[in-house]
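For the sequence shown, this note's numbering puts the final residue at 144, and the numbers step up evenly by one.
Here is the structure we will look at.
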Amino acid sequence: AGANRSKVQARLVGGASMLEMPGRPNTMQIGERNAIAARAAIAAQKLPIVEEHLGGTKGRTVRLEVGTGRVDVSTAGQRE
Numbered sequence: 065a066g067a068n069r070s071k072v073q074a075r076l077v078g079g080a081s082m083l084e085m086p087g088r089p090n091t092m093q094i095g096e097r098n099a100i101a102a103r104a105a106i107a108a109q110k111l112p113i114v115e116e117h118l119g120g121t122k123g124r125t126v127r128l129e130v131g132t133g134r135v136d137v138s139t140a141g142q143r144e
C-alpha cells in the first residue's frame, strides 16, 4: 500500500526570514536552515524537487488541489 514512488514529487515552499531582529540581520536564519534540512530529507528519499518558493521576508499561503496535484503559492502582500 501507499504511493507509487515513481509519481511522487516534492515542492518546497517557505524558508522566509520572518524573525529578523532590527540591527542584527541574519542572526537566526531559521528559514534558511529549514530549507537546507528539507532539501537534505528529500534528497535522502531520492525524490525530485520540481519547484521551489524559498526565502525572502514575507509569509506564503499554499493551496493544494488534492485531486489534480495542482499547487498554488501566494506571497503575503502581493496580488494573485
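Ideal Cβ positions, reconstructed from N, Cα and C, are used throughout, including at glycine.
Because the structure is a prediction, the values reported are computed rather than measured.
Judged by beta-carbon spacing, residue 114 lies beyond the 8 Å limit of residue 140, meaning their Cβ atoms are not closer than that value. When the Cα atoms are used, residue 132 and residue 126 turn out to be separated by approximately 15 Å. The C-beta distance from residue 79 to residue 118 rounds to 4 Å, short enough to fall under 8 Å.
Here residue 95 really is in contact with residue 81; their C-beta atoms are around 5 Å apart, less than 8 Å.
In the three-state scheme derived from DSSP, where H, G and I count as helix and E and B as strand, residue 99 is classed as helix. By the beta-carbon neighbour count (other beta carbons within 10 angstroms, threshold 16), residue 99 is buried.
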